[in-house]
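*Asks:* Just so it is clear: in the sequence shown, position 181 is 179 by this note's numbering, and no numbers are missing. For every residue, glycine included, the Cβ atom is placed at its ideal position computed from N, Cα and C. The structure presented is a predicted model; accordingly, all values stated were derived computationally and were not measured. Here it is, the structure, as structure tokens.
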Amino acid sequence: MLPRHATAVASPNIALIKYWGNTDDALRLPVSPSISFNLAELQTRTSVTWDSSLTADHVVINGHPVTGPALERVAHHLDHIRALAEHAGFARVDSANNFPTGTGIASSASAFAALSLAATSALEMTLPERELSALARLGSGSASRSIPDGFVAWYTGEDHASSFAESFAPTTHWSLVDLIAVVSQEHKSTGSTAGHRIAPTSPLQAARIATAQERFECCRDAVLGRDFAALAEVVELDNNVMHGVMMTSTPPLLYWEPLTLNLIKLVRQWREEDGLAVCYTIDAGPNVHCICTAQAAAEVENRLRALPGILDLRRATPGAGAHLVSTPTDPA
Ligand code: DP6
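This is the structure:
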């Protein structure tokens, strides 16, 4: 039988309201809803070929064959797709990011979104967007949000089928810019998967969960109304609540570097004293995402470039969800 092949592209996303902690770790059912937008300029491109001559899954990331836990995580995700498609074969996966892996920009969201779309399409399965988003969630929770376009909400849901992400405003709705200040290129010591598992050990997680829906609705309203002042307030609050949980977990997760805190203070100062429409949010690492309006972006970028210690600065704007692409090497 001829190998069956497809290529998909997906972007990572930045959460304005964060995902941290699950009610079911195996299914990645989150304790609270989250909101994000895809980062258009950053992309993962993944080709999947189901090949009956293979005796195991074969995975290449950024040109290097992977083994160990990284291979197991991809193979486990392919198991979900094999089960769904009632397909017994193995696949060759070739995935590459257009952003350097060392920049500390999480790639699991774009990786599992692109993998889910390419692997199902290669088996000629056309899943409705909600099902594709739920499937991507099994690989990495935040990958569910890289499937739809534009501004995206991921609902908590009660079970596998109801925990999916969907778009609530198109990409063109609000021309926000994410200026990512790369503070460290070191590999983080505790990844998100381990972090989600210990979130319940924090005495603050119950309070975070109890107030999460309110922040989610407030953020969605701020995005829909293009109200930057309201957005900044809720994005920073939600970020601080999540990092409060991280810092008070057992063991504590301290992702910030001194420069992270300096940037937090500067961003607030630029907004409150200089009137610049910018706010900060930080994932499971030290890098600072400076979310600003298109009007403020050039000035914020100049100020960030003038600061010592920032290793790299990336600019990203709201982008499309996962989509298929044709490649010259696609079989006819
Ligand atoms: C802090 O989606 O990376 O970036 O499901 O284990 O892959 P896994 O976790 P992941 O967690 C993201 C955590 C976060 C916040 C967010 O993006 O919402």
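When the Cα of His241 is compared with those of Leu37, Pro201 and Glu215, which residue comes out closest?
*Replies:* Pro201
*Asks:* Just the Cα atoms here: how many angstroms apart are His85 and Ser114?
*Replies:* 15 Å
*Asks:* I'd like to know whether the C-beta of Leu222 is nearer than 9 Å to at least one C-beta of chain B.
*Replies:* Among the chains of the structure shown, chain B does not appear; only one protein chain is present.
*Asks:* Any idea what DSSP makes of Asp328, helix, strand or coil?
*Replies:* For Asp328, the pLDDT reaches just 48, beneath the cut-off of 50, and the residue's location in the model is therefore unreliable, leaving the point undetermined.
*Asks:* Taking 8 Å as the cut-off, does the CB of Gly139 come closer than this to any heavy atom belonging to ligand 1?
*Replies:* yes
*Asks:* Output yes or no for whether 9 Å exceeds the beta carbon distance between Gly139 and Pro316.
*Replies:* no
*Asks:* Determine the closest residue to Thr169 out of Leu322, Glu39 and Ala120, with distance taken between C-alpha atoms.
*Replies:* Glu39
*Asks:* What's the C-alpha gap between Val9 and Ala107?
*Replies:* Strictly speaking, residue 9 in this sequence is Ser, with Val absent from that position. Each residue's alpha carbon lies about 8 Å from the other.
*Asks:* Are the beta-carbon atoms of Arg195 and Leu25 separated by less than 9 Å?
*Replies:* no
*Asks:* Look at Val175 and Arg269 and say whether their C-beta atoms are less than 9 Å apart.
*Replies:* Not closer than 9 Å, so no.
*Asks:* How should Thr199 be labelled, buried or exposed, when 16 other C-beta atoms within 10 angstroms of its C-beta is the threshold for buried?
*Replies:* By the 16-neighbour rule on beta-carbons within 10 angstroms, Thr199 is exposed.
*Asks:* Hey, is the region 202 to 218 in contact with the region 237 to 255, meaning 3+ C-beta pairs nearer than 8 Å?
*Replies:* yes
*Asks:* Just list the residues that DSSP pairs Trp48 with in beta bridges.
*Replies:* Arg2 and Ala89
*Asks:* Taking Cβ positions, are Leu121 and Trp48 nearer each other than 9 Å?
*Replies:* yes
*Asks:* Quick one: grab the DSSP three-state call for Ile145.
*Replies:* coil
*Asks:* If you draw a straight line from the C-alpha of Pro306 to the C-alpha of Gly155, how long is it?
*Replies:* 44 Å
*Asks:* Can you look up Thr154 in the DSSP assignment and give me helix, strand or coil?
*Replies:* coil
*Asks:* Report the option in Val91, Ser51 and Arg80 whose CA atom is closest to the CA atom of Ala68.
*Replies:* Distances from the alpha-carbon of Ala68 to those of Val91, Ser51 and Arg80 put Val91 closest.
*Asks:* Within the present structure, is the beta-carbon of Met240 separated from the nearest heavy atom of ligand 1 by less than 8 Å?
*Replies:* Checking every heavy atom of ligand 1 against the Cβ of Met240, one is found closer than 8 Å.
*Asks:* Assign His287 to one of three DSSP states: helix, strand, or coil.
*Replies:* strand
*Asks:* Measuring CB atoms only, is the region 285 to 298 touching the region 270 to 277, in the sense that at least three cross pairs come out at less than 8 Å?
*Replies:* yes
*Asks:* Count the other C-beta atoms from every protein chain shown that fall within 10 angstroms of the C-beta of Pro329, then say buried if there are 16 or more, exposed otherwise.
*Replies:* Bear in mind that the predicted position of Pro329 carries a pLDDT of just 47, short of 50, making it unreliable; the figure below should be weighed with that in mind. Exposed is the call here.
*Asks:* What does Ser34 pair with, by DSSP beta-bridge criteria?
*Replies:* Ala13 and Val150
*Asks:* Let me know the secondary structure DSSP gives Pro67 once reduced to three states.
*Replies:* helix
*Asks:* Skipping 5 residues on each side, what residues in its chain have a beta carbon closer than 6 Å to that of Gly87?
*Replies:* Here the set comprises Trp48 and Ser50.
*Asks:* Whose C-beta lies closer than 6 Å to the C-beta of Ile59 among residues of the same chain, with five residues either side of it excluded?
*Replies:* Within the same chain, Ile59 has close Cβ partners Ser93.
*Asks:* Which residue wins for smallest C-alpha separation from Ala83, given the options Ser119, Thr99, Phe35 and Val57?
*Replies:* Ser119
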